[in-house]
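Novice: Going from the sequence shown to the numbering used here is simple: count from 1 and add 447.
Idealized CB from N, CA, C, for every residue including glycine.
The structure is given below, and queries will be raised subsequently.
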Amino acid sequence: MTARRERAWAAAAAAVVAAVDAGARAVAFATIGDPNVYSTFGYLADGVRARRPGVEVRTVPGITAMQELAARAGVPLCEGREPLTLLPATAGLTPVADALAGPGTVVVYKGWRRHPDLVDELRRQGRLADAVLGRALGLPGERIGPVDDAAADLPYLSTLLVPARRDGRGGKL
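Here it is, written out as structure tokens:
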């Protein structure tokens, strides 16, 4: 991690600890999605626990972008024995390509910089037609629709959902 991020996480943890030391009975951290899925909350929680091991840190689950996108697009994330793979595009194209070659649903977060490569891979594997892209879900200007080649306006908060290949209702039970 960068030194700038480390300083920001340390400052956030120090602010929470200061509030607790001043008598706060509860401190909240709001986040988009779920605090345990690709969220900075874990770094804050670790920092608080390191500074005040006796402080209870609790998380409340949220709705992930993949759940929101699946619900809004009317696409089940997984059925029967289908695997569900969630990965960040920042891990590189190889893990995404490997997942796309498999039998399950693939969800890719943080793909805005790799969008052209992802589109090429979807096309190469015959998975482009069913793929759905959610842009800025739950925020002003959100868009949900098919994947296209235009990445110029793709925001950081973009989610790619590639449903499992399904051969009919109940086929994977």
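Just the Cα atoms here: how many angstroms apart are Ala461 and Arg570?
Specialist: Your numbering for residue 461 matches position 14 in the sequence shown. Your numbering for residue 570 matches position 123 in the sequence shown. Answer to the nearest angstrom: the Cα atoms are 47 Å apart.
Novice: With DSSP as the reference, please indicate the residues paired to Tyr556 in a beta bridge.
Specialist: Walking along the sequence shown from the start, residue 556 turns up at place 109. DSSP output for Tyr556 lists Pro535, Thr606 as bridge partner(s).
Novice: Given a threshold of 16 other Cβ atoms within 10 Å of its Cβ, counted over all protein chains shown, does Val507 qualify as buried or as exposed?
Specialist: Here residue 507 refers to the residue found at position 60 of the sequence shown. Result: exposed.
Novice: From what residue to what residue does the beta strand (DSSP E) around Leu580 run?
Specialist: Here residue 580 corresponds to residue number 133 of the sequence shown, with the count starting at 1. Segment 579-582, the beta strand (DSSP E) holding Leu580.
Novice: With a 10 Å radius around its C-beta and 16 neighbouring C-beta atoms as the bar for buried, classify Glu438 as buried or exposed.
Specialist: Here the chain has residues from 448 to 620 only, and residue 438 is not among them.
Novice: Considering only the alpha carbon of each residue, which of Ala583, Gly470, Ala457 lies closest to Gly480?
Specialist: In the sequence shown, residue 480 corresponds to position 33, counting from 1. For Gly480, the nearest C-alpha among the options comes from Ala583.
Novice: DSSP three-state call for Arg590: helix, strand or coil?
Specialist: As a first step, residue 590 must be located in the sequence shown, where it is residue number 143. Strand.
Novice: Can you name the start and end residues of the alpha helix (DSSP H) that Ala512 belongs to?
Specialist: Taking the sequence shown and counting its residues from 1, the one referred to as residue 512 is at position 65. Its alpha helix (DSSP H) spans residues 512-520.
Novice: Are three or more beta carbon pairs between the segment 574-593 and the segment 532-545 nearer than 8 Å?
Specialist: no
Novice: I'd like the span of the alpha helix (DSSP H) that includes Thr541, first residue to last.
Specialist: Here the question's residue 541 lines up with position 94 in the sequence shown. Per DSSP, Thr541 belongs to the alpha helix (DSSP H) from 540-547.
Novice: Of all the options Gly581, Tyr603, Leu604, which has the alpha carbon lying nearest to the alpha carbon of Leu516?
Specialist: Numbered from 1 along the sequence shown, position 69 holds the residue referred to as residue 516. Residue Gly581 is the option with its Cα nearest to Leu516.
Novice: Between Val609 and Thr541, how many whole angstroms is the CB-CB distance? I'm expecting something under 8 Å.
Specialist: Position 162 of the sequence shown, counting from 1, holds the residue named residue 609. Position 94 of the sequence shown, counting from 1, holds the residue named residue 541. The pair is not a contact, with the Cβ atoms about 16 Å apart (cut-off 8 Å).
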